[in-house]
Amino acid sequence: MALRLGDTAPDFTVETTEGPLSFHTWIGDSWAVLFSHPADYTPVCTTELGMVAKLKGEFERRNVRVIGLSVDNLESHRGWISDINETQGTTINFPIIDDHNREVSQLYDMIHPNADASFTVRSVFIIAPDKTIKLMITYPASTGRNFDELLRVIDSLQLTANYSVATPANWKHGDDVVIAPSVPNEDVPAKFPKGHTVVKPYLRTTPQPNL
Ligand code: BEZ
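Each number in the numbering used here corresponds to the 1-based position in the sequence shown with 1135 added.
Structure (structure tokens):
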């Protein structure tokens, strides 16, 4: 059955460019991003993996571990990493899964046969420390992902996990947030001491609580 938000992310044990790992144990108490790319030695993927390496500090600051995947083997990944480091001016600093047997890509439904019979599409899963899936996005092979957007979503998810808030359209770090409809009006002043605005009874905003 297809994975859905709120499901427990399937666990697996694999070989990676940083050694063998069991996914849930590797996540530990962190958040995780699991992302697939179509193939090694391809141009868009080269830029994507270089970008993820450059954003390591941003992921670490948010307690997020990142792991990549394609249906290529370790030897291929290792050769390609040299090219990524050379052309993108970075050092790959996260594991890439050897999924030549397509075990993980099938588990996570990353091969969409009507798009491509054998290669993975650009899937992204954001997984919370309790191992539930919080976000799934699928991009076509021809479109490189916007990793700033992934960081923005992680900021939003972590706010929601820690406070009774949601984030409005185009929200970015520092903007006001929306008070969750589940918070009764009488609880708002104590829960949101920075103040709040009632735009409509169902649309209440407050400054970002963790700043
Ligand atoms: C790429 O990563 O450049 C790519 C991969 C598969 C199809 C098209 C582009």
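Here a beta-carbon is modelled for each residue, glycine too, at the ideal position from N, C-alpha and C.
Given the structure is predicted, the values throughout are model-derived calculations rather than measurements.
Locate the alpha helix (DSSP H) running through residue i, then write down its first and last residues.
i: Leu1294; result: Phe1282 to Asn1297
i: Asp1265; result: Note, Asp1265: premise wrong, no alpha helix (DSSP H); not H, not E.
i: Ile1219; result: Leu1209 to Gln1223
i: Leu1242; result: Glu1238 to Leu1242
i: Ile1202; result: Where Ile1202 is concerned, there is no enclosing alpha helix (DSSP H), although the beta strand (DSSP E) it sits in stretches over Val1199 to Ser1205.
Between the alpha carbons of residue i and residue j, how many angstroms are there, rounded?
i: Val1168; j: Leu1156; result: 15 Å
i: Thr1151; j: His1172; result: 15 Å
i: Ile1289; j: Gly1214; result: 31 Å
i: Thr1148; j: Phe1158; result: 6 Å
i: Asp1244; j: Ala1137; result: 7 Å
i: Leu1242; j: Gln1343; result: 37 Å
i: Ile1231; j: Tyr1298; result: 33 Å
i: Trp1161; j: Thr1143; result: 15 Å
i: Glu1193; j: Pro1336; result: 36 Å
Just to confirm my understanding: we take residue i, look at its own chain, exclude 5 residues before and 5 after, and list those with CB closer than 7 Å. What are they?
i: Ser1235; result: According to the sequence displayed, residue 1235 carries His and not Ser. Cβ within range, chain order: Val1206, Asp1207 and Asn1208.
Got a sec, what are the start and stop residues for the beta strand (DSSP E) residue i sits in?
i: Phe1170; result: Trp1166 to Ser1171
i: Thr1273; result: Ile1268 to Tyr1274
i: Val1187; result: That residue, Val1187, is in no beta strand (DSSP E); its alpha helix (DSSP H) goes Pro1178 to Lys1189.
i: Lys1326; result: Not the beta strand (DSSP E): Lys1326 falls in the alpha helix (DSSP H), residues Val1323 to Lys1326.
i: Leu1338; result: Leu1338 to Thr1341
Can you list, in chain order, the residues of its chain whose CB lies under 6 Å from that of residue i, leaving out five sequence neighbours each side?
i: Ser1258; result: Ser1171, Met1245 and Thr1273
Residues surrounding the ligand BEZ [beta-carbon distance to nearest heavy atom under 6 Å]: Pro1173, Ala1174, Thr1177, Pro1178, Val1179, Cys1180, Ala1276 and Ser1277
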